[in-house]
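Comments concern the structure below.
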Amino acid sequence: MDEALDVQLNDQVLVDEIHLVTELIVVAKLAPGDLEQGVIDEVLGVRPVRTFFPRQRLG
Numbered sequence: 001m002d003e004a005l006d007v008q009l010n011d012q013v014l015v016d017e018i019h020l021v022t023e024l025i026v027v028a029k030l031a032p033g034d035l036e037q038g039v040i041d042e043v044l045g046v047r048p049v050r051t052f053f054p055r056q057r058l059g
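For the sequence shown, full-length UniProt numbering gives the first residue as 1, with consecutive numbering after it.
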C-alpha cells in the first residue's frame, strides 16, 4: 500500500492543482458547515471580478 502513495509528479501544473485541491479539502474539513463561494474562491486564489457598466450620457 505504501508503494501506491510513493509517486513522483513531473508536471508542475498537476502538482499545483493537487496542492489547491488539498488546501480546499483541509478548509472544508475544518469548516463547521457548508463553505460559501467566497471562501472557496479565496482558497483557490480566485480574484473577485468587478463588472463595470458604461455610464449613459444624458441629453
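From the three backbone atoms N, C-alpha and C, an ideal C-beta is built for every residue, glycine too.
Following the DSSP letters along the chain, one finds Val21 inside the alpha helix (DSSP H) bounded by residues Gln12 to Leu30. A distance of 8 Å or more separates the beta carbons of Val27 and Val15.
In the DSSP assignment, Asp34 falls outside any alpha helix (DSSP H) and carries neither an H nor an E.
Annotated three-state conformation of Val43 is helix, per DSSP.
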